[in-house]
Amino acid sequence: MTAMLRGVNRVFTGLVGLVLLVLGGSVLAVGLGAPAPSWWIHDSKHDVLLSDAERTRWRDAGWWWPVVIAVLAVLLLLALWWLVAVLRRRRLSEILVDTGDGEGALVRGRALENVLTQEAGQVDGVDGARAHLTGRRTAPEVRARLALEPHVDPGAVLTDFTTGALTHARTSAGLESLPAEVRLRGVKHRAERVT
Numbered sequence: 152m153t154a155m156l157r158g159v160n161r162v163f164t165g166l167v168g169l170v171l172l173v174l175g176g177s178v179l180a181v182g183l184g185a186p187a188p189s190w191w192i193h194d195s196k197h198d199v200l201l202s203d204a205e206r207t208r209w210r211d212a213g214w215w216w217p218v219v220i221a222v223l224a225v226l227l228l229l230a231l232w233w234l235v236a237v238l239r240r241r242r243l244s245e246i247l248v249d250t251g252d253g254e255g256a257l258v259r260g261r262a263l264e265n266v267l268t269q270e271a272g273q274v275d276g277v278d279g280a281r282a283h284l285t286g287r288r289t290a291p292e293v294r295a296r297l298a299l300e301p302h303v304d305p306g307a308v309l310t311d312f313t314t315g316a317l318t319h320a321r322t323s324a325g326l327e328s329l330p331a332e333v334r335l336r337g338v339k340h341r342a343e344r345v346t
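Start counting the sequence shown at 152; every next residue gets the next number (this note's numbering).
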């Protein structure tokens, strides 16, 4: 999930949750007998949320139903966009490789991920590795996570990964470039005993 989409997702979910919490909490508080603020639309716990007069107030106005339908349609489209964005697969299932004869070959994304993961795990100082392909079929990108052993120079490991596993994946797939986002983390270890 891109950073912008993650931010939109968190803000949207937070705002919806906050509005629902405030409305639900205030209706519950007034329903339980708490004094209603002066700006609140209901007076007491025996008041209904929508009276007959409020419910039928705009029924005969010509603009009311088109506005209601338009607002609901926009809300539905936003909710569907959000759902698709959240559920969309992030991993690249295949990569289109230019064979040079005008045709193309497809390489399974999972196969390239496995090779990248295995080769990255063999780099000196790497305790564990994971690689995922994202992006488009014609312009893949790599997201790699490397768990580093204690007392290892992260710069050296990153250089070995980019000149080794990443370069091999790029050349074997026939890609001009293969951008990568590499996250490094240290492996927790026990304190060493000095004897």
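Even for Gly, the Cβ is constructed at its ideal location relative to N, Cα and C.
Taking the alpha-carbon positions, what's the residue i to residue j distance?
i    : j    : result
L247 : P291 : 9 angstroms
G182 : R208 : 24 angstroms
R296 : R336 : 8 angstroms
H319 : V333 : 16 angstroms
L227 : A256 : 40 angstroms
V225 : W216 : 14 angstroms
P305 : L169 : 42 angstroms
A236 : G260 : 21 angstroms
R294 : V258 : 18 angstroms
T285 : P330 : 10 angstroms
P186 : G176 : 13 angstroms
I192 : L166 : 21 angstroms
V274 : A324 : 21 angstroms
K339 : V218 : 58 angstroms
W233 : G158 : 12 angstroms
W214 : F163 : 29 angstroms
Using a 10 Å radius around the Cβ and a threshold of 16 neighbouring Cβ atoms, would you call residue i buried or exposed?
i    : result
F312 : buried
L238 : exposed
V199 : exposed
E271 : What sits at residue 271 in the sequence shown is Ala, not Glu. Per the 10 Å Cβ criterion, buried.
L263 : buried
V173 : exposed
A307 : exposed
T282 : A small fix is needed here, since residue 282 is Ala in this sequence, not Thr. Buried.
Need the endpoints of the alpha helix (DSSP H) that residue i sits in, please.
i    : result
L227 : W215 to L238
E327 : E327 -> no alpha helix (DSSP H), and no H or E assigned at all.
P186 : Element bounds for P186: n/a, residue is neither H nor E.
Kindly indicate the opening and closing residues of the beta strand (DSSP E) around residue i.
i    : result
A280 : V277 to G286
P291 : P291 to L299
R334 : A331 to G337
Checking the sheet assignment: what are the DSSP bridge partners for residue i?
i    : result
I246 : V258
For residue i, tell me which candidate among the options has the shortest Cα-Cα distance.
i    : options                   : result
L317 : D203, A280, V178 and V162 : A280
L243 : N265, R210 and L229       : N265
E327 : T314, T289, G315 and L309 : T289
A298 : L201, T314 and T268       : T268
T310 : T322, M155 and V277       : V277
Would you say residue i faces chain B, with C-beta separation under 7 angstroms as the test?
i    : result
G213 : The structure shown contains no chain B, having only a single protein chain.
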